[in-house]
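**Q** Sharing a structure below in structure tokens format, with a few things to ask.
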Amino acid sequence: MKKIKIFFCFLFFSQCVLSKNNEPFFLKTIDHFSNALSISVLTSFKLNSSTVKYSNTEFKKDKNTFLRTLPIICFNQNQQTPEKLNKVKQHKDDATNTSLLAEIYKKNADKSYRKNDFEEAIKNYTLAIENYRTKKKDSLHKADAIYFRGQSYNNIGSFLKSIDDCTLAIAYYKNLGDLKYEYFAKTTITKVYSKIGLNEKAIEELLIIIDEKEANNYSIGLASNYYNLAINYKTINEKEKYKEYIFKALKVKQSRNDDDGFLPYYQSAIAEYYLEEDSLHKAKEFLDLAKKGYASMLHNNFSLHKYQKTKSTYFFKTKAFNKALDLAKTTIAHLKKHPDLSSTEELYKLIYEIYYRKDDTKNALYYFKSYIKTKDSISNISKISALNYYQTLLNVEQKEKKINQQKSSIEILAKKNQAKKELLIIISSASFLSFLIFYLYWNKLHLKKQKKIQEDFSHKLLLSQEDERKRISKDLHDGLGQSLLIIKNRIAALNDKETEELICNSIEEIRRISKSLHPFQLESVGLTSALHNLLHQLDNNCDTYIFGNIENIDSILSPEKEVNIYRIIQESLSNIIKHAKAKSARVNIDLSKNHISILIIDNGIGFDFDEKYHNIKSFGLKTINERVKFLNGTLKIHSIKNEGTTLNILLPLK
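This is the structure:
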């Protein structure tokens, strides 16, 4: 059904092309089909010169429509492709659909690849890769372009670039779920390793591929992987492994029933193995099996040449020299159209040995020279390939002889430079680390010193403040208080009750202020009694019920510390009365062997500690905190809004 649709599309499209008076309709139609049909379908159309002419006239009208139709025009018209590509390059910035432009570059690259013009193929594959968009539908085409660019790099000896491209293509194929081409790209990398003589590396990678395929029961290309693995083992003279995997290759190929003509290839390879072991009967058995697939070999040059080469060797081993000679020469003639240096080398050697056995020294010498020449060519290609690989890997721009002569020196120099770099890194790191440690240590000392200065200043400020309060309190009590007392006595003599009452109130106020400025009770009755009196006085003069349990802590601390403890409790209770809206407050002071523990609890509205502490108007909490620091103690405040506040103070005795 799909083919019928394509046929009618082609028929309709051709009618539009042949119409010279219906150009707008033609443009609309060609635009429709370029959107409706895939690129692969469009490329199968072969349009005549009138289409090309029309495209040129319409190019300026709608460049994107032209780009969509250009694959139809140029893919199958080789002579016009470069001209069209140049036109596209001039206007590629005007195109919104760069995927079609990329497809054109890729098609041109494919043509160059088939002509063995790998440099040109690389250029066009690169342009295709740059123009493909990031959409998923473009990813597969982009992956193919990257993969075949890697193949092209392999063919010109840029092996690292080939490996890099194949590795990138693998990532694309894996993301797209294209397992078949993912393994193709992986296999290409192993062939690069084999080509440059890294057979152990090739074996390692092939074993990984084979393990993955066997684990997933994936047999596509598995026979080829087994065969390549066998050949690598043969190269490093591991004959048992060579035998094991060449038979595995045949077994997998037989199980797949592929119609690709490669089964005779593997059967011929087994026959070749038996010929090497001089097992002529077994060799003939597999050659006969391969011959049954002769019809398929006519469409597969690899299998045909493998069979003919192995059959020639069999004739030689069975002393049928004329048959061996005729078939070997026929095979060499075929190989000139489909070059295979390795097979050509083996055949030249075989023909030389045949003539040698027949005592034809002239022809024997000729083919011996041909054999040596071909062998040297293969050896040189292998060496050059390996040299190019290492030359790129080491980024050294030297000639062949210089690389071979200085390879050891370069490696030694690289190690020395690496050692110097590592030593420099270690020294730099150590220097930086030492500087960092010194800076952190100095900064710690500086901060510690600043903190000590700040604490000393705060302590001196508190002591100075307390001394000043004491002086003012004493002046009020001894000076102004006594003066008011004298005035009271004189007014009492005048029997002025109202004035006398005012004077009494003033005297009481002065006494209260004097007590708040400095608790003289500390010096007369001790800290414990002074605190009891403070709690009793505050309880009598406010709405908050204040109570507590205070152990005897007299004569344990210095006078300065006793004053600070008194002030801490006084300030805390003052804050509760002013701000907490508490119904009750409790003060507990416990004495242990090493500590004095102070616990102040209220059931008020609570507060946010961070907010209050960092409020510039909030001096109470800061003062309490500074006094606790002066006593070398710790202060913990736990407050929850509407649930009250707890102050826990722990003061060391030493």
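Read left to right, the sequence shown gives residues -19 to -1, 1 to 635 (mature numbering (1 follows the signal peptide of the UniProt record, and there is no 0)).
Glycine is no exception: its CB is placed at the ideal position from the N, C-alpha and C atoms.
1. Mind listing, in chain order, the continuous alpha helix (DSSP H) runs of no fewer than 4 residues lying wholly within the stretch 165 to 233?
2. Determine which residues share a DSSP beta bridge with P633 and list them.
3. In three-state DSSP terms, what is Y35?
4. If you check the beta carbons only, do L187 and E195 fall under 9 Å apart?
5. Unbroken beta strand (DSSP E) runs of length 3 or more, entirely within the stretch 221 to 307: which are they?
6. Who does A566 pair with in a DSSP beta bridge?
7. With respect to the beta strand (DSSP E) encompassing H513, which residues constitute its N-terminal and C-terminal limits?
8. Give the C-beta separation of D535 and L508 to the nearest angstrom, bearing in mind that I take them to be a contact with Cβ-Cβ under 8 Å.
9. Just the Cα atoms here: how many angstroms apart are L18 and S93?
10. I'd like the list of long-range same chain contacts for K635, defined as Cβ closer than 8 Å, with 5 residues on each side in sequence excluded.
11. Touch check for the stretch 586 to 596 and the stretch 515 to 527: three-plus C-beta pairs under 8 Å?
12. Can you check DSSP and say which residues form a bridge with I571?
13. Does the distance from the CB of Y128 to the CB of Y174 come in under 9 Å?
14. For the structure I just gave you, are there three or more beta carbon pairs, one from the stretch 245 to 260 and one from the stretch 279 to 299, closer than 8 Å?
15. Name, in chain order, the residues that DSSP records as bridge partners for K401.
16. So is N361 buried or exposed if we call it buried at 16+ other beta carbons inside 10 Å?
17. Using only the alpha-carbon positions, how far apart do L231 and L244 sit?
18. Helix, strand or coil, according to DSSP, for H122 in the structure here?
19. Ordered along the chain, which non-local residues of its own chain (more than five positions away) have a Cβ less than 6 Å from that of Y352?
20. Let me know the secondary structure DSSP gives H619 once reduced to three states.
21. What residues match up with G625 in a beta bridge as DSSP calls it?
22. Does the Cβ of N335 have 16 or more other Cβ atoms within 10 Å, making it buried, or fewer, making it exposed?
23. Keeping to the same chain, check which residues put their C-beta closer than 6 Å to that of N3; ignore five residues upstream and five downstream.
24. Can you give the Cα-Cα distance for Y594 and I618, rounded to whole angstroms?
25. My output table needs one value for P320: the three-state DSSP class, helix, strand or coil.
26. Out of curiosity, what's the CA-to-CA distance linking S630 and C523?
27. Enumerate in chain order the residues of its own chain whose CB-to-CB distance from N623 is below 7 Å, with the five nearest sequence positions on each side excluded.
28. Check whether the stretch 601 to 615 touches the stretch 563 to 572, counting contact only when three or more Cβ pairs, one atom from each stretch, lie closer than 8 Å.
29. So, for T615: in the same chain, excluding its five sequence neighbours on each side, which residues have a beta-carbon less than 6 Å away from its beta-carbon?
30. Which of the three DSSP states is assigned to G601 in this structure?
31. Compare the C-alpha of K155 against each of K172, D125, S565 and Y337 and name the closest.
32. What does the alpha-carbon distance come out to for the pair K265 and M278?
33. Specify, as a first and last residue, the run of the alpha helix (DSSP H) that K116 falls within.
34. For T148 and N197, I'd like the C-alpha separation in whole angstroms.
35. Give the straight-line distance between the Cα atoms of L414 and W423, rounded to the nearest whole angstrom.
36. May I ask you to check if the CB of S390 is nearer than 8 Å to at least one heavy atom of the ligand ADP?
**A** In short, the structure shows the following:
1. 180 to 196 and 203 to 216
2. Here the question's residue 633 lines up with position 652 in the sequence shown. DSSP, once it has assigned bridges, lists H576 as partnering P633.
3. By 1-based counting over the sequence shown, the position of residue 35 is 54. Residue confidence is low: Y35 scores 43 on pLDDT, short of 50, so the model does not pin down where it sits. Its coordinate-derived value is still stated next. The answer is helix: DSSP assigns Y35 an H, G or I state.
4. On the sequence shown, residue 187 is found 206 positions in, with the first residue counted as 1. On the sequence shown, residue 195 is found 214 positions in, with the first residue counted as 1. No. Outside cutoff.
5. none
6. Against the sequence shown, residue 566 aligns to sequence position 585. For A566, which the question treats as bridged, DSSP gives the partners I527 and D583.
7. Along the sequence shown, read from residue 1 onward, the residue named residue 513 stands at position 532. Where H513 is concerned, there is no enclosing beta strand (DSSP E), although the alpha helix (DSSP H) it sits in stretches over L508 to N521.
8. On the sequence shown, position 554 is the one that residue 535 refers to. On the sequence shown, position 527 is the one that residue 508 refers to. About 6 Å; that satisfies the 8 Å criterion.
9. If you number the sequence shown from 1, residue 18 lands on position 37. If you number the sequence shown from 1, residue 93 lands on position 112. Residue placement at L18 is flagged as unreliable, the pLDDT there being 37, under the threshold of 50; the coordinate-derived value follows with that caveat. Between L18 and S93, the C-alpha separation is close to 26 Å.
10. What you label residue 635 is simply residue 654 of the sequence shown in a count that begins at 1. Here the set comprises N575.
11. no
12. Translated into positions along the sequence shown, residue 571 becomes position 590. Before going further, note that residue 571 is Asp rather than Ile in the sequence given. In the DSSP output, where bridge partners are listed per residue, D571 has S578.
13. Numbered from 1 along the sequence shown, position 147 holds the residue referred to as residue 128. Numbered from 1 along the sequence shown, position 193 holds the residue referred to as residue 174. Cβ atoms of Y128 and Y174: not closer than 9 Å.
14. yes
15. Position 420 of the sequence shown, counting from 1, holds the residue named residue 401. Looking at the DSSP assignment, K401 forms no beta bridge with any residue, so it has no partner.
16. Walking along the sequence shown from the start, residue 361 turns up at place 380. Classification for N361: exposed.
17. What you label residue 231 is simply residue 250 of the sequence shown in a count that begins at 1. What you label residue 244 is simply residue 263 of the sequence shown in a count that begins at 1. Going from the Cα of L231 to the Cα of L244 covers about 7 Å.
18. As a position in the sequence shown, residue 122 is number 141, starting the count at 1. In the structure shown, H122 sits in a helix (DSSP, three-state: H, G or I).
19. Within the sequence shown, numbered from 1, the residue matching residue 352 stands at position 371. Y329, K330 and Y333.
20. The residue you call residue 619 lines up with position 638 of the sequence shown. In this structure, H619 counts as strand in the three-state DSSP scheme.
21. Start at 1 with the first residue of the sequence shown, and residue 625 comes out as number 644. Answer is I621, bridged to G625.
22. For the purposes of this step, residue 335 is identified with residue 354 of the sequence shown, where counting begins at 1. According to the sequence provided, residue 335 is Ile. The question's Asn does not apply to it. Counting Cβ neighbours within 10 Å, I335 comes out buried, since at least 16 surround it.
23. For the purposes of this step, residue 3 is identified with residue 22 of the sequence shown, where counting begins at 1. Any answer about N3 is weak, because its pLDDT of 43 lies below 50 and its placement is not dependable; what the coordinates show is given next. Excluding sequence neighbours, N3 sits near nothing in its chain.
24. Here residue 594 refers to the residue found at position 613 of the sequence shown. Here residue 618 refers to the residue found at position 637 of the sequence shown. Going from the Cα of Y594 to the Cα of I618 covers about 11 Å.
25. By 1-based counting over the sequence shown, the position of residue 320 is 339. Three-state result, P320: coil.
26. Taking the first residue of the sequence shown as position 1, residue 630 is located at position 649. Taking the first residue of the sequence shown as position 1, residue 523 is located at position 542. A small fix is needed here, since residue 630 is Ile in this sequence, not Ser. About 25 Å.
27. To locate residue 623, count along the sequence shown from 1; it is residue 642. Same-chain partners within the cutoff: I586 and G587.
28. no
29. Here residue 615 refers to the residue found at position 634 of the sequence shown. Cβ within range, chain order: L631.
30. As a position in the sequence shown, residue 601 is number 620, starting the count at 1. Three-state DSSP puts G601 in a helix.
31. Counting from one through the sequence shown, the residue named residue 155 turns up at place 174. The shortest Cα separation from K155 among K172, D125, S565 and Y337 belongs to D125.
32. By 1-based counting over the sequence shown, the position of residue 265 is 284. By 1-based counting over the sequence shown, the position of residue 278 is 297. So the alpha carbons of these two residues sit roughly 18 Å apart.
33. To locate residue 116, count along the sequence shown from 1; it is residue 135. No alpha helix (DSSP H) contains K116, which DSSP labels as neither H nor E.
34. Along the sequence shown, read from residue 1 onward, the residue named residue 148 stands at position 167. Along the sequence shown, read from residue 1 onward, the residue named residue 197 stands at position 216. Approximately 21 Å between the Cα atoms of the pair.
35. The residue given as residue 414 occupies position 433 in the sequence shown. The residue given as residue 423 occupies position 442 in the sequence shown. About 14 Å.
36. You won't find the ligand ADP in this model; it holds no ligand whatsoever.
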